[in-house]
Amino acid sequence: MTSSIRKLLVANRGEIAVRIIRAAQALGIPTVAACSEADADSLAARMADEVQLIGPARADRSYLNVEALLQAARASGANAIHPGYGFLSENAAFAEAVTAAGLIFVGPQAETIRRMGDKAEARRTAAAAGVPVVPGSPGELEDLESALACAEQVGYPLLIKASAGGGGRGIRIAHDAAELAREFPVAQSEAKAAFGSAAVYLERFIRAARHIEVQILGDGQRVVHLFERECSLQRRRQKVFEEAPSPALTPAQRLALCESAVRLAEGLGYRGAGTLEYLFDAHSGEFFFIEMNTRIQVEHPVTEMITGIDLVQAMLRIAGGEPLGLQQSDIRMQGVALEMRINAEDPQRNFFPCPGTVTELAWPQGEGIRVESHLYPGYRVPPYYDSLLAKLVVHGQDRAQALARAAQALEQTRLAGMTTTMPLHRWLLADARMHAAQFDTGSLERWLAEPTTLRTVQLEEL
Ligand code: ADP
Ligand code: ADP
Ligand code: MG
1 MTSSIRKLLV
11 ANRGEIAVRI
21 IRAAQALGIP
31 TVAACSEADA
41 DSLAARMADE
51 VQLIGPARAD
61 RSYLNVEALL
71 QAARASGANA
81 IHPGYGFLSE
91 NAAFAEAVTA
101 AGLIFVGPQA
111 ETIRRMGDKA
121 EARRTAAAAG
131 VPVVPGSPGE
141 LEDLESALAC
151 AEQVGYPLLI
161 KASAGGGGRG
171 IRIAHDAAEL
181 AREFPVAQSE
191 AKAAFGSAAV
201 YLERFIRAAR
211 HIEVQILGDG
221 QRVVHLFERE
231 CSLQRRRQKV
241 FEEAPSPALT
251 PAQRLALCES
261 AVRLAEGLGY
271 RGAGTLEYLF
281 DAHSGEFFFI
291 EMNTRIQVEH
301 PVTEMITGID
311 LVQAMLRIAG
321 GEPLGLQQSD
331 IRMQGVALEM
341 RINAEDPQRN
351 FFPCPGTVTE
361 LAWPQGEGIR
371 VESHLYPGYR
381 VPPYYDSLLA
391 KLVVHGQDRA
401 QALARAAQAL
411 EQTRLAGMTT
421 TMPLHRWLLA
431 DARMHAAQFD
441 TGSLERWLAE
451 PTTLRTVQLE
461 EL
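Residue numbers (my numbering): 1 to 462.
So this is what it looks like as structure tokens:
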């Protein structure tokens, strides 16, 4: 069946724009790269069939400019828009505007984005579907009084979370009532400034939990899962190193978790690729839903590596009106995949972003190694955007082989011209706790705080 997407506008940048263009090329769909002026010479611009400039470097004038993107689609004759991740990918008004302009939005229905993008509403939806959620407030909290009353039920320590938050931002911890009283108004005003909505809710802080998330695909009628990803290695609530499957789950726990995600997404009549994020308590075996991302995720390649299914191609096929060809029983997992996020950040200077120009570049090669990146020799990394440079992804028959290949891949990578987080990954791959898969969402920050860690990372760098 041929896709009804005749030409695709890629409304994003960086490695994910490259990834989307590759998927479209594999399906024979011509592509248009929507680029800011700062990205006119990007790899995505070079790879796409056409380029449309959408505005100046500043994201609010380009990648967040709905009118400019619609105009780029009209001017190029594209009849579909893929939003990638970040930017407008979870903006319901954008999805609506795309559809109202007679174009295909590569993602779920605007109503689904709106519902699950409100994290407090997503919790209610999960609870109604019988999926356990972290104990917390039933919905958003209007004022400090109701927050303090609710906190007595929830218990401390707890998190104040922005309903519209994302990207690891908009989350504050309170250990007692006094701290809640101090932090609550700050959280509200910060949420308003960062996400355009002051709505916040409370959630019990789960200590020593693992972040495990389930990948799903739906066509509006049926939903299947593609197993889970373990994303516990984080810094400032942002993922640093991911793997699939989770080394912490028994087969029975995996089945229960994945089936809960399918149940929830089926209730939404979900269409497209989506991820349901959970916290998992390895001691009790309990899991709790935290949020849903109604888009492709940064770490999607590890799922592709263990299942052999191309998620971005699947998104394009579904958006083009094809039904899910897959049955749940067709989807098997094989081996272990790992992803290292390489950022233009300096581990020695509190991970301060430090973009530059690529003076030397060689990617690793060999069995089970995959690179997702928008870098090329001579490329100047613009300072205006996310610091992600590349994702090194490896696959092995088991976790030990995957870890060995990850170390090889890092050794083979030559990337000069800027400071990156590669030394951090080298250090991680040499750590026994990493090999034993003994970690939770707080581990990486604790390890980084140990006096020897950064010294070792620095030596590695020399
Ligand atoms: P993933 O869940 O795919 O790992 P991240 O949480 O790292 O994704 O987010 C991917 C990108 O999207 C990052 O650049 C992040 O800053 C951005 N992002 C995610 N959610 C939001 C949001 N609500 N507002 C602004 N940026 C966001
Ligand atoms: P975002 O929308 O920014 O991705 P999430 O709700 O997914 O925010 O949370 C991001 C990270 O914060 C999680 O991966 C986890 O490490 C931590 N976190 C979130 N909720 C809790 C909680 N209730 N208890 C402990 N840690 C949490
Ligand atoms: Mg999240």
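We put the CB at the ideal spot given by N, CA and C, even for glycine.
Inset, instruction - Using a threshold of 8 Å, state whether the C-beta atoms of A265 and G325 are closer than that. - result: Indexing the sequence shown from 1 puts residue 265 at position 265. Indexing the sequence shown from 1 puts residue 325 at position 325. Not a contact, by the Cβ cut-off of 8 Å.
Legend entry - Cα-Cα separation between R349 and T441, rounded to whole angstroms: Translated into positions along the sequence shown, residue 349 becomes position 349. Translated into positions along the sequence shown, residue 441 becomes position 441. If I take the Cα positions, the gap works out to 22 Å.
Inset, instruction - Could you please give the first and the last residue of the uninterrupted alpha helix (DSSP H) stretch that includes K192? - result: Along the sequence shown, one-based indexing puts residue 192 at 192. From DSSP, the alpha helix (DSSP H) with K192 extends over A177 to F195.
Legend entry - Residues of its chain near L268, where Cβ-Cβ distance is below 6 Å and the 5 sequence neighbours each way are ignored: Looking up residue 268 in the sequence shown gives position 268. Once the five neighbours on either side are set aside, the close Cβ partners of L268 are T112.
Legend entry - Exposed unless 16 or more other CB atoms sit within 10 angstroms - verdict on V186: In the sequence shown, residue 186 corresponds to position 186, counting from 1. By the neighbour-count rule (16 or more Cβ atoms within 10 Å), V186 is not buried but exposed.
Legend entry - K467, DSSP secondary structure in three states: What is shown of the chain runs 1 to 462, which leaves residue 467 out entirely.
Legend entry - Nearest candidate by alpha-carbon position, reference A248, set V240, H435 and W447: Residue 248 sits at position 248 when you count from the first residue of the sequence shown. Cα-wise, what sits closest to A248 is H435.
Inset, instruction - Taking T357 as the reference, give the member of A127, G378 and S373 with the closest Cα. - result: Taking the sequence shown and counting its residues from 1, the one referred to as residue 357 is at position 357. Measuring from the Cα of T357, the nearest candidate turns out to be G378.
Inset, instruction - Determine the burial state of P138: buried for a count of at least 16 other Cβ atoms within 10 Å of its Cβ, exposed for fewer. - result: Against the sequence shown, residue 138 aligns to sequence position 138. Burial call: exposed.
Inset, instruction - Grab the span of the alpha helix (DSSP H) containing L410 for me, first residue to last. - result: Translated into the one-based positions of the sequence shown, residue 410 becomes position 410. L410 -> alpha helix (DSSP H) spans R399 to Q412.
Inset, instruction - For S120, collect the residues of the same chain with a Cβ closer than 6 Å to its Cβ; drop the 5 residues on either side in sequence, then sort them by chain order. - result: Residue numbering aside, residue 120 sits at position 120 when the sequence shown is read from its first letter. The question names Ser, but residue 120 in the sequence shown is Ala. Correct list, in chain order: G139, E140, S163 and Y201.
Inset, instruction - Would you mind stating whether A177 and A193 have Cβ atoms separated by less than 8 Å? - result: Stepping through the sequence shown from its first residue, residue 177 is reached at position 177. Stepping through the sequence shown from its first residue, residue 193 is reached at position 193. For A177 and A193, no; Cβs fall outside 8 Å.
Inset, instruction - Tell whether a beta-carbon distance below 8 Å holds between I309 and L226. - result: Position 309 of the sequence shown holds residue 309. Position 226 of the sequence shown holds residue 226. Cβ distance < 8 Å, so I309 and L226 count as in contact.
Legend entry - Where the beta strand (DSSP E) containing C231 begins and where it ends: Here the question's residue 231 lines up with position 231 in the sequence shown. Note, C231: beta strand (DSSP E), V223 to R235.
Inset, instruction - Would you check whether ligand 1 has a heavy atom nearer than 7 Å to the C-beta of K391? - result: In the sequence shown, the residue the question calls residue 391 occupies position 391. No, the Cβ of K391 stays beyond 7 Å of every heavy atom of ligand 1.
Inset, instruction - Check each candidate in F105, R414 and A244 and name the one with the smallest Cα separation from H395. - result: Within the sequence shown, residue 395 is the residue found at index 395, counting from 1. Relative to the Cα of H395, the nearest Cα in the group F105, R414 and A244 belongs to A244.
Legend entry - Beta-carbon spacing of L158, E203 below 8 Å: By 1-based counting over the sequence shown, the position of residue 158 is 158. By 1-based counting over the sequence shown, the position of residue 203 is 203. Remark: C-beta atoms of L158 and E203 approach each other more closely than 8 Å.
Inset, instruction - Taking the CB atoms as reference points, tell me whether V381 and P355 lie closer together than 8 Å. - result: Within the sequence shown, residue 381 is the residue found at index 381, counting from 1. Within the sequence shown, residue 355 is the residue found at index 355, counting from 1. Contact: yes.
Legend entry - beta-carbon Q458 near ligand 2 non-hydrogen atom, thresh 7 Å: The residue labelled residue 458 in the question sits at position 458 within the sequence shown. Not under cutoff, so the answer is no.
Inset, instruction - With hydrogens ignored, establish whether the beta-carbon of E291 is closer than 7 Å to any heavy atom of ligand 3. - result: As a working mapping, residue 291 is identified with position 291 in the sequence shown. Because some heavy atom of ligand 3 lies under 7 Å away, the Cβ of E291 counts as near it: yes.
Inset, instruction - With a threshold of 7 Å, establish whether the CB of E90 neighbours any heavy atom of ligand 1. - result: If you number the sequence shown from 1, residue 90 lands on position 90. True, at least one ligand heavy atom lies under 7 Å from that Cβ.
Inset, instruction - Could you spell out the range, first to last residue, of the beta strand (DSSP E) harbouring K161? - result: On the sequence shown, residue 161 is found 161 positions in, with the first residue counted as 1. Segment L158 to G166, the beta strand (DSSP E) holding K161.
Legend entry - Contact under 8 Å by Cβ, D386 with G86: Within the sequence shown, the letter at position 386 stands for residue 386. Within the sequence shown, the letter at position 86 stands for residue 86. In contact: D386 and G86 (Cβ atoms closer than 8 Å).
Inset, instruction - In the DSSP assignment, find the unbroken beta strand (DSSP E) run with S36 in it and report its ends. - result: One-based indexing of the sequence shown puts residue 36 at position 36. Unbroken beta strand (DSSP E) run through S36: T31 to S36.
Inset, instruction - Could you check what DSSP says for Q52 in three-state terms: helix, strand or coil? - result: Within the sequence shown, residue 52 is the residue found at index 52, counting from 1. Strand at Q52.
Inset, instruction - Taking only heavy atoms of ligand 1 into account, decide whether any of them is closer than 7 Å to the Cβ of Q438. - result: Mapped onto the sequence shown, residue 438 falls at position 438. Q438: no, Cβ never under 7 Å from ligand 1.
Inset, instruction - Round the Cβ separation of T294 and G274 to the nearest angstrom and send it over; I've been treating them as touching at under 8 Å. - result: Within the sequence shown, numbered from 1, the residue matching residue 294 stands at position 294. Within the sequence shown, numbered from 1, the residue matching residue 274 stands at position 274. Correct: roughly 5 Å between the Cβ atoms.
Inset, instruction - Could you tell me the distance, in whole angstroms, from the CA atom of V51 to the CA atom of L69? - result: Residue numbering aside, residue 51 sits at position 51 when the sequence shown is read from its first letter. Residue numbering aside, residue 69 sits at position 69 when the sequence shown is read from its first letter. Cα to Cα, the separation comes out at about 12 Å.
Legend entry - Classification of H283 by the beta-carbon crowding that lies within 10 angstroms, buried from 16 upward: Here residue 283 refers to the residue found at position 283 of the sequence shown. Burial is judged here by how many other beta carbons sit within 10 angstroms of a residue's own beta carbon; H283 has fewer than 16 and is exposed.
Inset, instruction - For my contact list, G320 and R237 are in at a C-beta cut-off of 8 Å; report their separation, rounded to the angstrom. - result: Taking the first residue of the sequence shown as 1, we reach residue 320 at position 320. Taking the first residue of the sequence shown as 1, we reach residue 237 at position 237. Not a contact, Cβ separation roughly 35 Å.
Inset, instruction - Would you be able to state if there are at least three C-beta pairs under 8 Å between the region 44-62 and the region 18-26? - result: Here the region 18-26 lies against the region 44-62, with 3 or more beta-carbon pairs under 8 Å apart.
Inset, instruction - Could you give the DSSP three-state label for E90: helix, strand or coil? - result: To locate residue 90, count along the sequence shown from 1; it is residue 90. DSSP places E90 in coil when its eight states are reduced to three.
Inset, instruction - Enumerate in chain order the residues of its own chain whose CB-to-CB distance from Y376 is below 6 Å, with the five nearest sequence positions on each side excluded. - result: The count along the sequence shown starts at 1 and reaches residue 376 at position 376. For Y376, where only same-chain residues beyond five positions count, the Cβ hits under 6 Å are L43.
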